[in-house]
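Q: The structure under discussion is supplied below as structure tokens; questions concerning it will follow.
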Amino acid sequence: MTVSNHAQRALRLKVDTQALANNWRVMDRLSGAAQAGAAVKADGYGLGIDHVAPCLLDAGAQQFYVAHWSEVQPLLLHAPADSISVLHGPVSSEDVIFARETGVRPVINSLYQARLWLDSGGGLCDLMVDTGINRLGLEMEDISAPLIRNLQIKTLMSHLASADEDSAMNDRQLRRFRDVSTVIPAQQRSLANSAGIALGADYAFDQTRPGLALYGGVPRLELDGLIQQVAYPQSVVLQRRRVNAGESVGYNGSWTATQDTEAAVLAIGYADGLLRCRAGSTQIRFDGTELPLLGKISMDMIVVDCSRCPSISEGDWVDIEQNLPSTAQKSGLSQYEILTMTGQRFRN
Ligand SMILES: *Cc1c(COP(=O)(O)O)cnc(C)c1O
-8 MTVSNHAQRA LRLKVDTQAL ANNWRVMDRL SGAAQAGAAV KADGYGLGID
42 HVAPCLLDAG AQQFYVAHWS EVQPLLLHAP ADSISVLHGP VSSEDVIFAR
92 ETGVRPVINS LYQARLWLDS GGGLCDLMVD TGINRLGLEM EDISAPLIRN
142 LQIKTLMSHL ASADEDSAMN DRQLRRFRDV STVIPAQQRS LANSAGIALG
192 ADYAFDQTRP GLALYGGVPR LELDGLIQQV AYPQSVVLQR RRVNAGESVG
242 YNGSWTATQD TEAAVLAIGY ADGLLRCRAG STQIRFDGTE LPLLGKISMD
292 MIVVDCSRCP SISEGDWVDI EQNLPSTAQK SGLSQYEILT MTGQRFRN
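Its first residue numbered -8, the sequence shown is counted upward by one per residue in my numbering.
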């Protein structure tokens, strides 16, 4: 368990590194003969790269995926350059120079990016082919382009659009990816994200790219019971107060006390990712006892009823429930959004 903490912090995030390591090993095992890498973009899905990268390396991950070039430097403090791929690929010659200087691999996503890379001298890269998501990636009609033949490709990859559903799209993308691999030579192939791994061995190829499931997300029922919660947010109690019967709490007075109520003010709000749509679905607990939310969620504060916890006092730490599958289901947010919105203020 590592805790991002600072003397002046009123929010902290416990990252259960044992659970994180367990989740990586589960995804690696489910990947069969393929090796699991790790998607660590967006600061390790919001948990802090300094907390997740060393743990994933220890567990055995040897390949890391970030989205932005700006995410490389913080990861290089933990992982070797040749284990890092940058998914967005180069959009300028500065990006290419940066890739060469650091030794990390660009993921080439288009003929434009292929030309940028080759014009600078080329070398080992990855290639993302779009087999149906129509997001980022080389279009199918370009896979035979001479430029692509000149690339020296470590990992040929594609990304599934609907792996979290039983969609005909999965099989269609699988077949297209197999076709692409007969045309484009590469050292290894990679198709599956977390949900894709749960689709079975056909989708694993040589390397898998789990993200969400490493951090406690459960994108498909096959993973239920195997994946452990990793992130545990906590807030400090800023103030204890009494709300007299007939008084209301918070903006617009949306909650009114029917009897005198003991309340606690916590230092967390929607700016920290506790969006108002989570009001009815996020339990707040002190020592396991639930503290019902009173009134609206503010930007940096909430007020809770602590009548059942007479001993709670200013400076105490309170748990903000963040079980990803259930919080997502109840709030309408995606598990990805809940994780990555965990604000900067949680980190050190
Ligand atoms: C984010 C990402 C992943 C990881 O996906 P999860 O659904 O979080 O497991 C894998 N591959 C690519 C290309 C990605 O962008």
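Ideal Cβ placement from N, Cα and C applies to all residues, glycine included. In this text, all values refer to a predicted model and were calculated from it rather than measured experimentally.
#1: Of the residues A10, Q178, R269, which one's Cα is nearest the Cα of Q219?
#2: From which residue to which residue does the beta strand (DSSP E) around C116 run?
#3: Cβ of A254 within 7 Å of Cβ of N14?
#4: In the DSSP output, which residue or residues are listed as bridge partners for D296?
#5: Check whether the Cβ atoms of P201 and A90 lie closer than 7 Å to each other.
#6: Quick check on DSSP: helix, strand or coil for P81?
#7: Spatial neighbours of R106 within its chain, please: CB distance less than 7 Å, with the 5 preceding and 5 following residues excluded, ordered by chain position.
#8: So L2 and A258 are in contact, right, with Cβ under 8 Å, and what is the actual spacing, rounded?
#9: Quick check on F277: does DSSP put it in helix, strand or coil?
#10: Under the criterion of a Cβ to heavy atom distance below 6 Å, does N184 qualify as lining ligand 2?
#11: Say yes only if the C-beta of L203 is nearer than 6 Å to one or more non-hydrogen atoms of ligand 1, and no if none qualify.
#12: Pairing CB atoms from the region 135 to 150 with CB atoms from the region 173 to 184, are three or more of them under 8 Å?
#13: Mapping DSSP to helix, strand and coil, what is P283?
#14: Give the straight-line distance between the Cα atoms of R126 and N100, rounded to the nearest whole angstrom.
#15: With 16 as the cutoff for other CB atoms within 10 Å, does I88 come out buried or exposed?
#16: Is any non-hydrogen atom of ligand 1 found closer than 6 Å to the C-beta of H150, if you look at the structure I gave you?
#17: Might you give, ordered along the chain, the residues of its own chain that have their beta carbon closer than 7 Å to the beta carbon of C352, omitting 5 neighbours on each side?
#18: Closer than 7 Å by C-beta to S272: which residues in its own chain qualify, once you throw out the five before and the five after it? Chain order, please.
#19: Evaluate contact between the region 118 to 133 and the region 66 to 76, counting only Cβ atoms and requiring at least three cross-stretch pairs below 8 Å.
#20: Kindly indicate which residue of G260, G264, D197, S172 has the alpha-carbon position closest to the one of A25.
#21: So which of V227, C46, S185, A192 has the shortest CA-CA distance to L151?
#22: Closer than 7 Å by C-beta to W246: which residues in its own chain qualify, once you throw out the five before and the five after it? Chain order, please.
#23: Measuring from the CB of L190, is there a heavy atom of ligand 1 at a distance below 6 Å?
#24: Go through its chain and collect everything with a Cβ distance to S74's Cβ below 6 Å, but skip five positions before and after it.
#25: Using a 10 Å radius around the Cβ and a threshold of 16 neighbouring Cβ atoms, would you call R96 buried or exposed?
#26: Thinking C-beta only, is Q225 closer than 7 Å to R308?
A: Straight from the coordinates:
#1: Within the sequence shown, residue 219 is the residue found at index 228, counting from 1. Minimum Cα distance to Q219 is reached at A10.
#2: In the sequence shown, the residue the question calls residue 116 occupies position 125. C116 -> beta strand (DSSP E) spans 115 to 119.
#3: Along the sequence shown, one-based indexing puts residue 254 at 263. Along the sequence shown, one-based indexing puts residue 14 at 23. Result no, Cβ atoms of A254 and N14 do not sit closer than 7 Å.
#4: The count along the sequence shown starts at 1 and reaches residue 296 at position 305. Paired residue(s): A254.
#5: Walking along the sequence shown from the start, residue 201 turns up at place 210. Walking along the sequence shown from the start, residue 90 turns up at place 99. No, they are not a contact pair.
#6: To locate residue 81, count along the sequence shown from 1; it is residue 90. Coil.
#7: Numbered from its first residue, the sequence shown carries residue 106 at position 115. Result list for R106: L138, in chain order.
#8: As a working note, residue 2 is residue 11 in the sequence shown. As a working note, residue 258 is residue 267 in the sequence shown. Contact flag correct, Cβ pair sits at about 6 Å.
#9: Sequence index remark: in the sequence shown, residue 277 carries index 286 (1-based). Three-state result, F277: strand.
#10: What this structure holds is ligand 1, not ligand 2.
#11: Here residue 203 corresponds to residue number 212 of the sequence shown, with the count starting at 1. Yes, the Cβ of L203 comes within 6 Å of a heavy atom of ligand 1.
#12: yes
#13: The residue labelled residue 283 in the question sits at position 292 within the sequence shown. In the structure shown, P283 sits in coil (DSSP, three-state: anything other than H, G, I, E or B).
#14: Locating residue 126 in the sequence shown gives position 135, counting from the first residue. Locating residue 100 in the sequence shown gives position 109, counting from the first residue. Their backbone Cα atoms lie some 10 Å apart in a straight line.
#15: Within the sequence shown, the letter at position 97 stands for residue 88. Flag for I88 reads exposed.
#16: For the purposes of this step, residue 150 is identified with residue 159 of the sequence shown, where counting begins at 1. Because some heavy atom of ligand 1 lies under 6 Å away, the Cβ of H150 counts as near it: yes.
#17: This structure cannot speak to residue 352, because the chain is shown only from -8 to 339.
#18: As a first step, residue 272 is located in the sequence shown; it is residue number 281 there, counting from the start. These residues qualify, in order along the chain: T318, K321, S322.
#19: no
#20: Position 34 of the sequence shown, counting from 1, holds the residue named residue 25. Here the closest residue by C-alpha is D197.
#21: Locating residue 151 in the sequence shown gives position 160, where the first residue counts as 1. Nearest option by C-alpha distance: S185.
#22: To locate residue 246, count along the sequence shown from 1; it is residue 255. Hits under 7 Å: S239, V240, L285, G286.
#23: Reading the sequence shown from its first residue, position 199 is the one you call residue 190. For ligand 1, not one heavy atom lies less than 6 Å from the Cβ of L190.
#24: Numbered from 1 along the sequence shown, position 83 holds the residue referred to as residue 74. Excluding positions up to five away in sequence, the list reads Q53, Q54, F55.
#25: Position 105 of the sequence shown holds residue 96. Buried, since its Cβ has 16 or more Cβ neighbours within 10 Å.
#26: Position 317 of the sequence shown, counted from the first residue, corresponds to residue 308. Position 234 of the sequence shown, counted from the first residue, corresponds to residue 225. The sequence given here has Trp at residue 308, not Arg. The answer is yes: Cβ separation under 7 Å.
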